[in-house]
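Asks: Residue numbers (the numbering used here), protein chains in the order written: chain A, 22 to 648; chain B, 73 to 301. Just so you know, even glycine gets a beta-carbon here, dropped at the ideal spot from N, CA and C.
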Amino acid sequence: MRNGSTLERIVMTEILPLVQKPGRYVGGEHNAVRKSWDQVDKRFLFAFPDVYDVGMSHLGLKILYHKINARRDALCERAFAPWPDMESQMRSRGVPLYSLESFTPAAEFDIIGFTLQYELNYTNVLNMLDLAGIPLRSSDRDQTHPLVIAGGPVAYNPEPLASFIDAFVIGDGEEVIDEILDAVPALRRSASRPESLAVLSKISGVYVPSFYNVEYSGLSVSRIDHSPQAPGEITPRRVADLESVPPPDKMIVPLIEVIHDRAAVELFRGCSRGCRFCQAGMIYRPVRERTAETVRKHVLEQLADTGYDEVSLVSLSSADYSSIESLVESLADDCREQQVALSLPSLRVDSFSIDLADRMQQLRKSGITFAPEAGTQRLRDVINKNVTEGDLIQAVSAAFARGWMTVKLYFMIGLPFETDEDVIGIADLAHKVVQRGREMARDAGTSPGRVKVNITLASFVPKPHTPFQWVKQDHPAEFQRKIDLLRRSIRSKAVKLSWNNPEVSLLEAALSRGDRRVGPVIQSAWQKGCRFDSWDEWFSPGKWWEAFDESGIDPLYIGGSERDLDSRLPWDHIGTGVSKRFLIDEYERARRGETTPDCRLEKCTGCGVCPELGLSPVLYAGGAVDA
Amino acid sequence: MPRFRIRMRKMGRYAFLSHLDLMRALERAVRRSGLRLAFSEGFHPHPKISFAAPLSVGVSSEAEVADIELACATSADEVRERLAAHLPEELRVDRVVQASADDQSLMSRVAVARYRISVPADLLGNRPLGDQIMRLLERDSLTVSRERKGSTEVVDVRPMIFELAVVHADACHAEIEAVLATGSKSNLRPADLIAALRECGILAGEPVGVTVHRVEIFAEQNGTLVPLI
Ligand code: SF4
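#1: Determine, for GLY114(B), whether the minimum Cβ-Cβ distance to residues of chain A falls below 9 Å.
#2: Could you check if VAL116(A) belongs to the surroundings of the ligand SF4, using beta carbon to heavy atom distance under 8 Å?
#3: The ligand ADP heavy atoms versus the CB of SER637(A): any closer than 8 Å?
#4: Identify the contact partners of PRO38(A) in chain B, using a Cβ-Cβ distance below 7 Å as the criterion.
#5: In the DSSP output, what is PRO126(A) paired with across the bridge?
#6: In terms of residue numbering, what span does the alpha helix (DSSP H) encompassing PHE603(A) cover?
#7: Indicate whether at least one CB of chain B lies closer than 9 Å to the CB of PRO43(A).
#8: Can you tell me whether SER293(A) sits near the ligand SF4, meaning its C-beta is under 8 Å from at least one heavy atom of the ligand?
#9: Using a Cβ cut-off of 9 Å (strictly closer), state whether ASP270(A) contacts chain B.
#10: With a 10 Å radius around its C-beta and 16 neighbouring C-beta atoms as the bar for buried, classify VAL184(B) as buried or exposed.
#11: Can you find a CB in chain B that lies within less than 9 Å of the CB of VAL274(A)?
#12: Mind checking the stretch 283-296 of chain B against chain A and listing, in chain order, the residues whose C-beta falls within less than 8 Å of any C-beta there?
#13: Let me know if VAL280(B) comes out buried or exposed under the rule of 16 or more other beta-carbons within 10 Å of its beta-carbon.
#14: Of all the CB atoms in chain B, is at least one closer than 9 Å to the CB of MET33(A)?
#15: So, is the C-beta of HIS158(B) closer than 9 Å to a C-beta in chain A?
#16: Looking at the structure shown, is TRP547(A) part of a helix, part of a strand, or coil, going by DSSP?
#17: Report all residues from its chain with a CB closer than 7 Å to the CB of MET73(B); omit the five preceding and five following residues, and keep chain order.
#18: Between ARG283(A), ASP330(A) and VAL205(A), which lies nearest to LEU80(A) when the distance is taken from Cα to Cα?
#19: Where do the ends of the beta strand (DSSP E) carrying GLY134(A) lie?
#20: Which residues of the stretch 316-334 of chain A have a Cβ closer than 9 Å to any Cβ of chain B? Give them in chain order.
#21: Can you tell me which residues form a DSSP beta bridge with ASP536(A)?
#22: Classify SER90(B) as buried or exposed, calling it buried when 16 or more other Cβ atoms lie within 10 Å of its own Cβ.
#23: ALA127(A) and ILE89(A): beta carbons closer than 9 Å?
#24: Helix, strand or coil: how does DSSP classify ILE248(B) here?
#25: Locate the alpha helix (DSSP H) running through CYS631(A), then write down its first and last residues.
#26: At what residues does the beta strand (DSSP E) containing MET433(A) begin and finish?
#27: Please tell me whether GLU278(A) has its Cβ less than 9 Å away from any Cβ of chain B.
#28: Beta-carbon separation of SER339(A) and LEU365(A) under 9 Å?
#29: Name the DSSP bridge partner or partners of MET80(B)?
#30: Can you have a look at TYR119(A) and say buried or exposed, based on whether 16 or more other CB atoms are within 10 angstroms of its CB?
#31: Identify the continuous beta strand (DSSP E) that holds GLY76(A) and give its terminal residues.
#32: Quick check on DSSP: helix, strand or coil for ALA91(A)?
#33: Taking the beta carbon of ASP619(A) as the centre, do at least 16 other beta carbons fall within 10 Å, making it buried, or is it exposed?
#34: The ligand SF4 and CYS620(A): does the residue's C-beta get closer than 8 Å to at least one heavy atom of that ligand?
#35: Below 8 Å, is the gap between the Cβ of THR626(A) and the nearest heavy atom of the ligand SF4?
#36: Taking 8 Å as the cut-off, is the beta-carbon of ARG306(A) closer than that to any non-hydrogen atom of the ligand SF4?
So this is what it looks like as structure tokens:
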């Protein structure tokens with residue numbers, strides 16, 4: 022039945038000599054798991070809807086891959102979106118999407134699991150299904166096809182892909198994946214696809230969209246019915262204690278260079294800083310730390326098992342880890358001795374972070390980026406980014422003191438309640454940083470002319486399940502006006518400004534707050550040739566707007582309309598654990614410019630996650646919180 | 073610090089690794105094996121690993137030769153055994169010797185490499201391949217145009233072909249062995265030889281299914297060619 026070896030021969034001899042970066046398509050990496058198909062009865066294909074270089078940088082893939090392969094009765098193999106040159110070769114030679122481990126056609130697996138990290142990967146999901154020879158729409162598939170499931174942060178608004186995906190998995194994957202694999206025999210026994218889906222929908226955290234009937238009025242849901250076997254609201258999965266899900270040690274090591282090419286151990290999951298624009302800050306609560314001993318042990322084992330020369334201590338805000346200082350202290354010697362670089366993925370805006378990064382000798386490699394996100398204290402309070410101008414000046418001073426001359430600052434534009442003063446405030450802040458740098462350079466006897474500040478602007482995109490899920494996105498013309506205003510406000514040659522394509526943000530807004538009516542638009546954009554929409558060289562806004570136009574849907578209407586606080590939103594039946602009451606309160610506080618503290622530092626601020634999911638924050642160095 | 077010369081393979085799917093990928097794979101295998109690499113001094117210390125004559129992506133080889141410097145005393149056997157346990161069969165380390173100062177200078181005098189090129193029969197015309205190759209070798213010059221950094225240059229590849237012979241032919245494919253100039257002084261990539269074979273009509277059409285394998289590389293020492301290891 023499986024013709025892996027023929028496929029392999031065709032790919033190796035006829036196709037790979039003709040494509041860029043053929044190493045993306047051959048597998049064979051160190052620690053890749055090759056299992057015999059006959060000795061397991063559950064075959065899972067992990068499908069990453071972006072190119073290998075991106076997918077293999079993703080820690081979640083490696084966690085689930087090794088987790089599934091640790092089971093005696095199951096195997097997990099991988100497939101990534103082929104780059105367009107590879108896709109055209111595959112199509113012209115009739116080669117289907119295949120797994121890198123055994124060159125098995127994707128359609129032969131029991132389950133294909135996509136991870137959805139970014140809305141702009143949607144067309145790649147469809148393209149991969151099509152390359153696999155699997156009908157795109159769930160309703161056109163039967164028991165001869167693999168089950169197609171999807172998880173990841175974007176699945177918290179599953180509606181745009183509802184007609185293409187059989188079941189979504191909401192929340193942390195480590196535990197629920199076992200329950201899904203345990204159900205495979207029952208899925209096989211099921212006589213029909215709806216019966217299989219009924220089995221799946223009984224697993225907590227699994228959402229089967231075909232069991233829900235939704236009607237809309239305007240942008241809100243007017244009516245939603247569900248079949249009796251499916252829950253009215255999906256409860257997200259959350260691992261209560263990360264200590265119970267050890268990170269992979271024998272982690273797969275790519276053969277070609279990928280974007281994040283390094284060992285990585287998660288310090289903690291979740292973040293309760295409460296930035297109001299940030300979806301990750303809402304959907305992964307509460308903060309759950311690993312102990313420093315566990316992290317240290319796995320860092321050393323991972324390095325020994327992979328041979329990497331860099332290890333990253335990852336989380337949403339690594340400097341917030343309770344025992345970060347002692348951990349870095351204890352790892353620094355080992356790493357120095359083995360010539361391994363230690364890194365944190367993001368720096369907090371304070372001098373503490375610079376001290377840390379300095380101790381890890383990270384700065385030389387990566388440069389310094391800070392994200393104040395907004396130009397004035399008022400607007401930073403609105404978005405609850407608890408950073409002051411003083412923090413920033415301290416942080417950049419610490420950086421300049423260490424001889425660093427260029428600082429990158431990251432801001433959002435088009436934030437809710439933003440005024441022109443806030444936009445001009447970005448320039449003012451940059452000027453202050455330049456001024457500070459010049460003073461320090463003069464004092465140190467170096468040339469003040471070398472001080473540079475690079476501002477990167479991102480357009481704000483309102484995201485589901487955040488306190489800003491109701492607000493409108495600025496019109497592209499308004500973005501342009503604000504960017505021009507900021508450009509005119511920059512008076513120093515030391516300050517450089519760059520911004521992303523507002524059309525990308527417009528599409529992102531239309532997809533991220535879209536509902537089921539956006540599904541056909543995605544399909545039509547894919548048919549017009551859209552792929553790799555997150556890559557500048559492939560993004561074709563014209564095709565997307567055409568697709569929207571033909572479906573009679575205005576992307577500006579989805580992204581650019583304010584929604585009522587009491588309306589029923591298309592993703593409301595997908596729970597995050599955070600209560601809607603809390604989101605509304607946060608929105609009101611934003612309007613009033615009031616901040617909300619981090620529950621790690623003070624008392625519980627009542628987001629609802631802990632009581633709702635029966636969890637509590639897990640911290641290992643004091644700072645206990647009562648929920 | 074002890075320096076070792078190793079000879080490894082790059083076969084099967086690993087033929088699709090770039091030179092840098094292979095370097096990284098070797099470095100990681102050394103790290104995993106517990107052998108301690110020596111590093112260069114300076115702001116960005118890097119491991120002391122150097123390969124002779126990088127191969128193009130897609131070319132397989134049984135003669136990838138690298139020098140590595142270690143920060144610990146050990147024997148060549150120990151190095152080979154440890155690396156064997158940490159590399160796949162297709163990247164097997166076949167030989168390791170302790171490298172002398174003499175060996176080091178050999179590395180910079182790589183002069184030629186021997187390749188085996190396999191051509192599907194349907195790319196070959198009706199005339200006997202051996203005769204055509206003989207005729208080609210009789211020519212004084214053989215020019216091809218090749219792309220170099222965005223611009224096209226016309227080069228005479230004939231002086232860079234030292235040997236060219238059909239070593240096997242059957243109904244499915246023919247195997248050609250080629251000894252080509254390799255190294256910093258003059259270098260002929262197998263892909264350019266294949267282009268030349270197309271240009272003079274020996275190969276017809278796109279070279280789909282043509283595979284190239286490096287058998288050996290040699291350095292020049294006192295006027296003779298010696299294998300690097
Ligand atoms: S319920 Fe309270 S303690 Fe738990 S995450 Fe929310 S704010 Fe923090």
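Replies: Result, derived from the coordinates:
#1: Taking the second sequence and counting its residues from 1, one reaches residue 114(B) at position 42. Output row for GLY114(B): interface = no.
#2: Sequence index remark: in the first sequence, residue 116(A) carries index 95 (1-based). Outside the cutoff, so no.
#3: Among the ligands present in this structure, namely the ligand SF4, the ligand ADP is not found.
#4: Translated into the one-based positions of the first sequence, residue 38(A) becomes position 17. Those are GLY130, listed as they occur along chain B.
#5: Within the first sequence, numbered from 1, the residue matching residue 126(A) stands at position 105. DSSP, once it has assigned bridges, lists TYR119(A) as partnering PRO126(A).
#6: Locating residue 603(A) in the first sequence gives position 582, where the first residue counts as 1. Counting along the chain, the alpha helix (DSSP H) containing PHE603(A) begins and ends at 601-613.
#7: By 1-based counting over the first sequence, the position of residue 43(A) is 22. Yes, PRO43(A) counts as interfacial toward chain B.
#8: Translated into positions along the first sequence, residue 293(A) becomes position 272. Yes, the ligand SF4 has a heavy atom inside 8 Å of this Cβ.
#9: Start at 1 with the first residue of the first sequence, and residue 270(A) comes out as number 249. It does not; no Cβ of chain B falls within 9 Å.
#10: What you label residue 184(B) is simply residue 112 of the second sequence in a count that begins at 1. Looking at its Cβ environment, which holds 16 or more other Cβ atoms inside 10 Å, VAL184(B) is buried.
#11: Working through the first sequence from its first residue, we reach residue 274(A) at position 253. Closer than 9 Å to some Cβ of chain B, the Cβ of VAL274(A) qualifies, so yes.
#12: THR283
#13: Walking along the second sequence from the start, residue 280(B) turns up at place 208. So VAL280(B) ends up on the exposed side.
#14: Walking along the first sequence from the start, residue 33(A) turns up at place 12. At least one chain B Cβ lies under 9 Å of MET33(A).
#15: The residue given as residue 158(B) occupies position 86 in the second sequence. Yes, its Cβ sits closer than 9 Å to a Cβ of chain A.
#16: As a first step, residue 547(A) must be located in the first sequence, where it is residue number 526. Of the three classes helix, strand and coil, the one that applies to TRP547(A) here is helix, per DSSP.
#17: Counting from 1 along the second sequence, the entry for residue 73(B) is found at position 1. Closer than 7 Å at the Cβ level, and outside the excluded window around MET73(B), lie ALA110, GLU141, LEU142 and ALA143.
#18: The count along the first sequence starts at 1 and reaches residue 80(A) at position 59. Answer by Cα proximity: ARG283(A).
#19: In the first sequence, the residue the question calls residue 134(A) occupies position 113. Counting along the chain, the beta strand (DSSP E) containing GLY134(A) begins and ends at 132-136.
#20: LEU324, ALA325, ASP326, THR327, GLY328, TYR329 and ASP330
#21: Position 515 of the first sequence, counting from 1, holds the residue named residue 536(A). According to DSSP, which records beta bridges pairwise, ASP536(A) is partnered with nothing at all.
#22: Residue mapping note: residue 90(B) aligns to position 18 of the second sequence, counting from 1. With 16 or more other Cβ atoms within 10 Å, it is buried.
#23: Residue 127(A) sits at position 106 when you count from the first residue of the first sequence. Residue 89(A) sits at position 68 when you count from the first residue of the first sequence. No; because the gap between Cβ atoms is not below 9 Å, this pair is not in contact.
#24: What you label residue 248(B) is simply residue 176 of the second sequence in a count that begins at 1. The answer is strand: DSSP assigns ILE248(B) an E or B state.
#25: For this step, residue 631(A) is matched to residue 610 along the first sequence. It spans 630-634 - the alpha helix (DSSP H) in which CYS631(A) sits, taken as one unbroken run.
#26: Within the first sequence, numbered from 1, the residue matching residue 433(A) stands at position 412. Looking at the DSSP string, the run of the beta strand (DSSP E) that includes MET433(A) is 427-434.
#27: In the first sequence, residue 278(A) corresponds to position 257, counting from 1. Cβ-Cβ to chain B under 9 Å: yes for GLU278(A).
#28: Within the first sequence, residue 339(A) is the residue found at index 318, counting from 1. Within the first sequence, residue 365(A) is the residue found at index 344, counting from 1. Cβ distance < 9 Å, so SER339(A) and LEU365(A) count as in contact.
#29: Numbered from its first residue, the second sequence carries residue 80(B) at position 8. For MET80(B), which the question treats as bridged, DSSP gives the partners GLU136(B) and VAL165(B).
#30: Stepping through the first sequence from its first residue, residue 119(A) is reached at position 98. Under this definition TYR119(A) is a buried residue.
#31: For the purposes of this step, residue 76(A) is identified with residue 55 of the first sequence, where counting begins at 1. No beta strand (DSSP E) contains GLY76(A), which is instead part of the alpha helix (DSSP H) from 73-76.
#32: Translated into the one-based positions of the first sequence, residue 91(A) becomes position 70. ALA91(A): coil per DSSP, three-state reduction.
#33: Numbered from 1 along the first sequence, position 598 holds the residue referred to as residue 619(A). The residue is buried, with at least 16 neighbouring Cβ atoms inside 10 Å.
#34: Against the first sequence, residue 620(A) aligns to sequence position 599. Yes, since a heavy atom of the ligand SF4 falls inside the 8 Å radius drawn around the Cβ of CYS620(A).
#35: Here residue 626(A) refers to the residue found at position 605 when the first sequence is read from its first residue. Yes, the ligand SF4 has a heavy atom inside 8 Å of this Cβ.
#36: Working through the first sequence from its first residue, we reach residue 306(A) at position 285. True, at least one ligand heavy atom lies under 8 Å from that Cβ.
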